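Below is one structure; the comments refer to it alone.
In the UniProt record's numbering, the protein residues as written are 1 to 250.
See the structure below:
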């Protein structure tokens, strides 16, 4: 039996299991990867209601991560909710000490799907700019990409980010083209992924599932374009799995 690749999720804990590191771990397992997890935040929420977020100490996060990196051969990491961009910078520094070619997928959770505003990140946007070239892919939706650079129009922001790293612009919140995602690469290539099938039902944590599915396929050796394509199809299956806000994996 072929050994499964290890993938780390660096994300928050959602007690409902629909989002965060629990959802990531389910995704990794179903896609034949062994999931490892570093917790960045303890949240009090369910699939409908977000009440509060308790951030884990930065030193604890980094020690958890260092312990895993010392033990396991890691090629791909997914990063979800973090307290600020400075922590993102520190996490990337830790990762690249162990593997300077590691692939990093960042799902920028600037606002939870329940409309809770975690932190005003614009104060630290310069730090975010500095790490763009060190990551493999960032996966904002339209609301999040506007929040990243509020002073720029969306086309300027797309050009700025995609000139430095892969950008997957998710269309789940785009009324004129719901479900249409676009991948922009530093090479100038653009790939469009239209939704497939019907009977999609909104799911709590769908963005977490997509980014972790992409990370899993990267760990299995797929190119970024193919990993995004397969990750989107996997996420659609979760969206079609039932009518509730909590999707089934498999």
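In this text, a Cβ means the ideal position worked out from N, Cα and C, and glycines have one as well. Keep in mind the model is a prediction, meaning the values are calculated, not measured.
Contact check, residue 183 vs residue 147 under 8 angstroms by CB: the rounded distance? Not a contact, Cβ separation roughly 20 angstroms.
In whole angstroms, what separates the C-alpha of residue 232 from that of residue 214? 8 angstroms
Under DSSP, the alpha helix (DSSP H) around residue 142 begins and ends at which residues? According to the DSSP assignment, residue 142 belongs to the alpha helix (DSSP H) that extends over 142 to 148.
What's the call for residue 140, buried or exposed, on a 16-neighbour Cβ count within 10 Å? buried
So residue 155 is in the alpha helix (DSSP H); what residue range does that whole segment cover? 154 to 162
Does the stretch 202 to 210 come into contact with the stretch 147 to 166, if we say contact requires no fewer than three beta-carbon pairs (one atom in each stretch) closer than 8 angstroms? Verdict: no, contact absent.
Identity of the residue in 93, 160 and 54 nearest residue 40 by Cα: 54
On the three-state DSSP scale, how would you describe residue 45? Note: residue 45 maps to strand in three-state DSSP.
Option in 99, 59, 178 and 234 with minimal Cα separation from residue 73: Looking at the Cα atoms, 99 is the closest of the given residues.
Cβ separation of residue 239 and residue 201, assumed to be a contact under 8 angstroms, to the nearest whole Å: Contact flag correct, Cβ pair sits at about 6 angstroms.
Let me check understanding here. Comparing Cα to Cα, which of 246, 145, 160 and 27 lies closest to residue 188? 160
Beta carbon of residue 10, beta carbon of residue 79: below 9 angstroms? yes
Flag this pair as touching only if the stretch 122 to 138 and the stretch 75 to 94 have three or more C-beta atom pairs under 8 angstroms; answer yes or no. The stretch 122 to 138, when compared against the stretch 75 to 94, does touch it at the 8 angstroms Cβ threshold.
In the DSSP assignment, what are the bridge partners of residue 74? 6
Spell out the partners DSSP gives residue 38 in its beta bridges. Partner(s): 10.
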